[in-house]
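Its first residue numbered 1, the sequence shown is counted upward by one per residue in full-length UniProt numbering.
Heads up, the beta-carbon is just placed ideally off N, CA and C, and yes, glycines get one too.
Note that the coordinates shown come from a computational prediction; the quantities given were computed from them, not determined experimentally.
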Amino acid sequence: MRIICRPTFHRVALLHTTARNHDLMEFFDDEKNWNKNKIQHGRSWKADELRNKSNEDLHKLWYVLLKERNMLMTMEHACNEAYELFPSPERIDKVQESMKNIETVVRERNEAYYQLETGETGERPTKYVWNILGMKQFYRLKQHLIPKHLNTKWKQRHLFGYGGHAVRKFQKLYREKLWNEKRRAQNREKNAVISLLKKFPNVDIDTLKEKYPSVDMDKIFRSRKVKFLRVASRYE
Numbered sequence: 001m002r003i004i005c006r007p008t009f010h011r012v013a014l015l016h017t018t019a020r021n022h023d024l025m026e027f028f029d030d031e032k033n034w035n036k037n038k039i040q041h042g043r044s045w046k047a048d049e050l051r052n053k054s055n056e057d058l059h060k061l062w063y064v065l066l067k068e069r070n071m072l073m074t075m076e077h078a079c080n081e082a083y084e085l086f087p088s089p090e091r092i093d094k095v096q097e098s099m100k101n102i103e104t105v106v107r108e109r110n111e112a113y114y115q116l117e118t119g120e121t122g123e124r125p126t127k128y129v130w131n132i133l134g135m136k137q138f139y140r141l142k143q144h145l146i147p148k149h150l151n152t153k154w155k156q157r158h159l160f161g162y163g164g165h166a167v168r169k170f171q172k173l174y175r176e177k178l179w180n181e182k183r184r185a186q187n188r189e190k191n192a193v194i195s196l197l198k199k200f201p202n203v204d205i206d207t208l209k210e211k212y213p214s215v216d217m218d219k220i221f222r223s224r225k226v227k228f229l230r231v232a233s234r235y236e
């Protein structure tokens, strides 16, 4: 008779802890900060610091920042509803900047991985398309289950190409607006140079050229406004 001894296993649950559940109070700040006009906070996470962290740490930090952003936006909305001042509103900007830096670091790692494995960036391919107003815009390509010629919903949301008298009129007015903005900017720089020459006749011309590269100095010195200044003869 053979006796088989089997090891006995005790049913023991491992010790684990979970975060305390505050229900909807998770979306609000600590009560001790409600009546404060200013709350002490730190700076945002820099990209160089995030590059030293692992993917798991970045994943955890992302959700911590996401929870913090939701809490701050909830508190901001509550303060606006109560016509009260939201303390330290720059906290939202710092959280958003940190999340943006995390996205930058993750995109860098994905691009490096795909470049090594496939020789491509791994980003969604893009191309230039003409919208209904006759302006170029970036369109990110995407895979669809339904073919393009049968996907009516996609055609309704994505209207490419343009034509018609109204679009041509819009393009004409839009180009005129851009030209007027460019002309006003050039006139402002030109008047600024003339004003500096009148106030400081001995100003360095090379410095003016470096600061205002779009201004034609020869044309400026031939104009009536600075024709009789001593700086004109010195420049010539």
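Helix, strand or coil: how does DSSP classify residue i here?
i	result
W130	strand
residue 237	In this structure the chain extends from 1 to 236, so residue 237 is not present and cannot be described.
W45	coil
T74	helix
I102	helix
M217	helix
In whole angstroms, what is the alpha-carbon distance linking residue i and residue j?
i	j	result
K32	I39	10 angstroms
R157	K136	17 angstroms
N101	I92	14 angstroms
H41	E97	14 angstroms
K127	A78	42 angstroms
N35	E84	10 angstroms
R234	E210	Any reading at R234 must be qualified, since the residue scores a pLDDT of 48, below 50, and its modelled position is unreliable; the value itself is stated next. Their backbone Cα atoms lie some 18 angstroms apart in a straight line.
E108	Q143	23 angstroms
In or out: residue i buried (at least 16 other Cβ within 10 Å) or exposed?
i	result
F221	buried
V193	buried
L197	buried
D216	exposed
L72	buried
M25	exposed
W130	exposed
W45	buried
Going by DSSP, what residue range makes up the alpha helix (DSSP H) through residue i?
i	result
R184	165 to 199
R51	Where R51 is concerned, there is no enclosing alpha helix (DSSP H), given that its DSSP letter is neither H nor E.
E210	205 to 211
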